[in-house]
Every structure is written in C-alpha cells, then in structure tokens.
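Reading through the structure tokens given below for one structure.
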Amino acid sequence: MISLLQTVAKPVVATIVKQAVATEKPVNDALEILSKVNEFYSSAWDKLILFGTVSFAIVGIFVPLIIQWYQKRVLIINEKEFESRVNKKIDQIKNEITDELSKKIDEKFKLFDKELEVAKQLSVAQSYHIQGNLYAQKDEFYEALKDFISASKHYSYCQDAFNLKRSLENIGFMLDRLKKTDTDNLKNVDLVDLVKILDKIDKEQKTNVLLDFTNEIRAKLHNMK
Numbered sequence: 005m006i007s008l009l010q011t012v013a014k015p016v017v018a019t020i021v022k023q024a025v026a027t028e029k030p031v032n033d034a035l036e037i038l039s040k041v042n043e044f045y046s047s048a049w050d051k052l053i054l055f056g057t058v059s060f061a062i063v064g065i066f067v068p069l070i071i072q073w074y075q076k077r078v079l080i081i082n083e084k085e086f087e088s089r090v091n092k093k094i095d096q097i098k099n100e101i102t103d104e105l106s107k108k109i110d111e112k113f114k115l116f117d118k119e120l121e122v123a124k125q126l127s128v129a130q131s132y133h134i135q136g137n138l139y140a141q142k143d144e145f146y147e148a149l150k151d152f153i154s155a156s157k158h159y160s161y162c163q164d165a166f167n168l169k170r171s172l173e174n175i176g177f178m179l180d181r182l183k184k185t186d187t188d189n190l191k192n193v194d195l196v197d198l199v200k201i202l203d204k205i206d207k208e209q210k211t212n213v214l215l216d217f218t219n220e221i222r223a224k225l226h227n228m229k
C-alpha cells in the first residue's frame, strides 16, 4: 500500500522540486516545499486508508451476502429438482402399484367368475341327473337319455370326472333299452348329436380315464338296430 502511495506521489514531488530549483528560492521556500510534500503524503495516506477500509467493509458485508444469496438460490434449485424427481418416482410407484392391483383384481374376478360358472354348471348337471333318474324309474328311457346327455355335458365342463362317469354309464343303459329310430329322432328331431357331444367331452377331459366309456357308447350307437 505504501509503494502505491509513493508511486502516485513521486511525480508530484519531482515537479515541486524542479520549480524550486528553477526559481532559486531560499531555504524557507524549501521548508515550505517539504511541508507541502508531507501534507500531500499524509492526505494521500489517510485517503488510501479510508478507501481500503471502505473497500474491505464493502467486501466484508456484500460478498458474504452475495455468497449466501447464491447458496440459497442453488439450494432452492436443488430442492425443486429433488422434489420433482421424488414426485415423479412417487407417481411411477403409484402407477405401478395401481396397475399391479388392477391386474390382481382382474385375475381374482376372472377366477371368481370361473368358480361361479363351475358352481352353476354343476348345479344344472345335478338337476339333469336327478331328472334323468326319475324318468328312468318310470321307464321313460328316451327322456332319461336326453337328461343324462345334458348332465354329461355340464359335468364335463366342471371337470367332475366321478359324476361324469356315472352319467355316461346311464347313457349306455338307456341306449340298451332304445332302438335306432330313437337315436335318429334324437339327432334329427331334438337336434342332439350324441357323437359330437362325446367328441367334445373327450377333448375337455385332462386324462383319458373316461375314454373307454365314450368309446363304448359310440360302439352301441353303431350297433343299434
């Protein structure tokens, strides 16, 4: 800081000294010159100190404020970006959970609908089975045959192999008591194609356990007189 003052003041002092030498003033003038030089240095030094103090004060006050403002600004931006990313992630998780729940609910409803339909089909099959037994007890074998065929279709849908076997056996018993004209009427009048029904039953069953029973019925149909 002193060298800066000296650099600024040196040309001024040199000019004053040259004027004194040129005019050849007495010693008193030289003292006056020195006094002015001293005043100049003192004044310049005081101003420089004041400038430095003010500068440091400005730097000490405003720079921290600027830095603090910048830090807050960056923090706000980072918080907004973080909040945005968190919200997006939350929305993504919500959508994934919603989709997953929807799929599971749909699966549950489909399973429930399937179980409900199986229960309904089983109830219908049992009704036809009971009705077929009643017709058979009254020797109304043609009507009993139609009911046992209907029961077999519904049992097959339900995968109720035990009752399906019973109804297929009953179909065979009824065929033993009927004629070919009866089975022709069954197909042509009542539109009940027993062969196609047997083929469908074979396809629906997961095993071939009942294949012997369906084949036996086909053989009886073929051999009827």
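According to my numbering, the sequence shown holds residues 5 to 229 in order. Note that beta-carbon positions come from the ideal geometry of N, C-alpha and C, so glycine has one too. Given the structure is predicted, the values throughout are model-derived calculations rather than measurements.
With respect to HIS133, ALA155 sits close: the two C-beta atoms are nearer than 7 Å.
Under the 8 Å Cβ criterion, the segment 167-183 counts as touching the segment 210-227, having at least three qualifying pairs. Inter-segment contact for the segment 203-210 and the segment 154-172 is present: three or more beta-carbon pairs are separated by less than 8 Å.
Look at LYS183 here: in three-state DSSP terms it is coil, with no helix or strand label. Distance from the CA atom of LEU105 to the CA atom of SER131, rounded to whole angstroms, is 38 Å. Cβ contact annotation for VAL213 (same chain, cutoff 7 Å, sequence separation greater than five): ALA165, in chain order.
Ranked by how close their Cα comes to the Cα of PHE152, the residues LYS124, LYS183 and ILE201 have ILE201 in first place.
Contact between ASN174 and GLY136 is confirmed by a C-beta separation of about 6 Å, below the 8 Å threshold.
PHE116 sits exposed, since fewer than 16 C-beta atoms from the chains shown fall within 10 Å of its C-beta.
Judged by DSSP in its simplified three-state form, ASP164 adopts coil rather than helix or strand. The straight-line gap separating the alpha-carbon atoms of PHE145 and TYR139 is approximately 7 Å. The three-state reading of DSSP puts MET178 in helix, counting H, G and I together. DSSP places THR57 within a helical segment (H, G or I) once states are collapsed to three.
Non-local beta-carbon contacts of GLU220 in its own chain, meaning distances under 7 Å to residues more than five positions away in sequence, involve GLY176 in chain order.
Measuring C-alpha to C-alpha distances from SER171 to each of ALA129, VAL193, TYR74 and LYS93 identifies ALA129 as the nearest.
THR102 carries a helical assignment under DSSP once its states are collapsed to helix, strand and coil.
Taken atom to atom, the span from the alpha-carbon of ASP194 to that of ASP186 is near 10 Å. Burial state of LYS150 is buried, judged by a 10 Å Cβ sphere holding 16 or more other Cβ atoms.
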